[in-house]
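Per the numbering used here, the sequence shown starts with residue 1048, numbered consecutively.
Where is the CB? At the ideal position from N, CA and C, for every residue including glycine.
Just below is one structure, and these are the notes that go with it.
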Amino acid sequence: MKMIGTKNKSSSPDGTHSRFLLPGEFFFGGPKCQINTLLGSCIAITLWHPKLKIGGMCHFVLPSRRNSKALLPSDYDYNGSYCDEVMVLFEREALQRGTNLKDYVAKIFGGSNMLANSTLDENDLIGTKNTEAAVNHLAEKGISLLIAHVGEKGHRRIAFDIETGDVWVKHVALQKFIPDNL
């Protein structure tokens, strides 16, 4: 099992381990594991290998930290906060298990507009940019995208069961703030 970030972990009587990912964290593991997170404009990507019952989830914050597509040194410290870098982490985990990313299926969640009274164009919102980054990086790696529950206003609670590949989503709409003096 690979975890970048905190060690938020608990176990149930049946031996299932539960992990909670904070922003910028990444986890990859096997059966008997459930990964949870809470999303706003961030994105969670789940990757699951249907035959081996292994997979992982990330909770990335931004599409990239770099403006350049220059090659990075092999000892570069990849970070789960960025979509382009977390795809490298996913690839490393898949290769360590003798698998290829194309053998996995993906689901993405999040990318909400967290600004209730925003007048920004949809394309200028960080949630939209994060969603586009996730979809583009998955396509570049040849990973099938099964589900995308993205956009809208509000937050999502996500629970990913690595054994079954199931993901449960609870979306809570953002309430529009109306000042009392209107």
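Any C-beta of chain C sitting closer than 9 Å to the C-beta of residue i?
i, result
"asparagine 1083", "Of the chains in the structure shown, none is chain C; there is only one protein chain."
Just to confirm my understanding: we take residue i, look at its own chain, exclude 5 residues before and 5 after, and list those with CB closer than 6 Å. What are they?
i, result
"lysine 1049", "Its pLDDT being 48, under 50, lysine 1049 is placed unreliably by the model, and the measurement read from it follows with that caveat. Around lysine 1049: Phe1075 and Glu1140."
"valine 1219", "Gly1201 and His1202"
"asparagine 1083", "Phe1067 and Ala1206"
"glutamate 1138", "Leu1148"
"serine 1111", "Tyr1129 and Asp1131"
What's the gap between the Cα of residue i and the Cα of residue j?
i, j, result
"asparagine 1203", "valine 1135", "This sequence places arginine at residue 1203; asparagine is not what is there. Near 25 Å, if we compare the C-alpha coordinates of valine 1135 and arginine 1203."
"glycine 1052", "histidine 1184", "Bear in mind that the predicted position of glycine 1052 carries a pLDDT of just 49, short of 50, making it unreliable; the figure below should be weighed with that in mind. Approximately 22 Å between the Cα atoms of the pair."
"tyrosine 1125", "glycine 1071", "11 Å"
"phenylalanine 1067", "tryptophan 1095", "17 Å"
"glycine 1077", "aspartate 1131", "23 Å"
Shortest alpha-carbon distance to residue i belongs to which of the options?
i, options, result
"isoleucine 1101", "Gln1222, Lys1217, Leu1221 and Asp1213", "Asp1213"
"glycine 1103", "Ser1088, Pro1097, Ile1209 and Ser1065", "Ile1209"
"phenylalanine 1073", "Leu1086, Phe1107, Ser1065 and Arg1113", "Phe1107"
Residue range of the alpha helix (DSSP H) that residue i falls in?
i, result
"arginine 1066", "Arginine 1066 -> not in any alpha helix (DSSP H); beta strand (DSSP E) instead, spanning 1064-1068."
Note the first and the last residue of the continuous beta strand (DSSP E) segment covering residue i.
i, result
"glutamine 1143", "Element bounds for glutamine 1143: not the beta strand (DSSP E) but the alpha helix (DSSP H), 1130-1143."
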